[in-house]
Amino acid sequence: MIPTNRTLFSTTTLVLLALTALATSCGKSSESSRSGRQFGIPAARKEANEAFQSLCVTCHGTTGHGDGPGAAACDPRPRSFSDPAWQASVTDEQIQKTVLFGGGAVGKSAQMPAQPQLKGKTELLQHLVAIVRGFAAR
Ligand code: HEC
Numbered sequence: 018m019i020p021t022n023r024t025l026f027s028t029t030t031l032v033l034l035a036l037t038a039l040a041t042s043c044g045k046s047s048e049s050s051r052s053g054r055q056f057g058i059p060a061a062r063k064e065a066n067e068a069f070q071s072l073c074v075t076c077h078g079t080t081g082h083g084d085g086p087g088a089a090a091c092d093p094r095p096r097s098f099s100d101p102a103w104q105a106s107v108t109d110e111q112i113q114k115t116v117l118f119g120g121g122a123v124g125k126s127a128q129m130p131a132q133p134q135l136k137g138k139t140e141l142l143q144h145l146v147a148i149v150r151g152f153a154a155r
């Protein structure tokens, strides 16, 4: 389960994201990028990071501010995940539902695509939610 202490968890999330980025981006040996476990990153966490990079940053941006290259084509534009009022207004279940069934299913923009292939991947979905939560401004 996702830990309940959100602030602590968000900090951990950011640190882990930063470590992952370092491990994968600065031309170190492939050894270090493959060995996420070395940093205590569970496999589902890594998978979620990769899923976020490949499925979400186009619109939501690498920092969740809704400023990815595809965002301009969206109307309304994706909101910033850093907005505390928005963070407080949605439950983890709603975020999961948005990801699985798309924006149209939760009364938001139908331009937010559904990801039906993630159905049943509970752990991966929980980590995706944690990534979205991790963008909250502190
Ligand atoms: C084609 C662009 C696009 C892609 C790709 C995309 N989104 Fe979205 N997303 C949107 C738009 C547009 C909205 C609706 C605007 C808003 O209210 O934020 C949205 C809304 C959301 C919301 C807010 C829903 C709410 O309750 O307010 C979440 C959470 C979200 N997206 C997560 C994700 C995640 C996670 C991924 C990757 C699995 C993803 N999105 C991929 C465009 C996109």
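First residue of the sequence shown: 18, per our numbering; consecutive thereafter.
Ideal Cβ positions, reconstructed from N, Cα and C, are used throughout, including at glycine.
With a threshold of 16 other beta carbon atoms within 10 Å, Gly-151 meets it and is buried. Residues of the same chain with a CB within less than 7 Å of the CB of Leu-72, apart from the 5 flanking positions on each side, are Gln-132 in chain order. Here the alpha carbon of Arg-94 sits roughly 10 Å from the alpha carbon of Met-129. Non-local beta-carbon contacts of Gly-78 in its own chain, meaning distances under 6 Å to residues more than five positions away in sequence, involve Asp-84 and Gly-85 in chain order. Three or more beta-carbon pairs separated by less than 8 Å are not found between the segment 99 to 107 and the segment 134 to 148, which leaves the two stretches without contact. The DSSP-derived three-state label of His-82 is coil.
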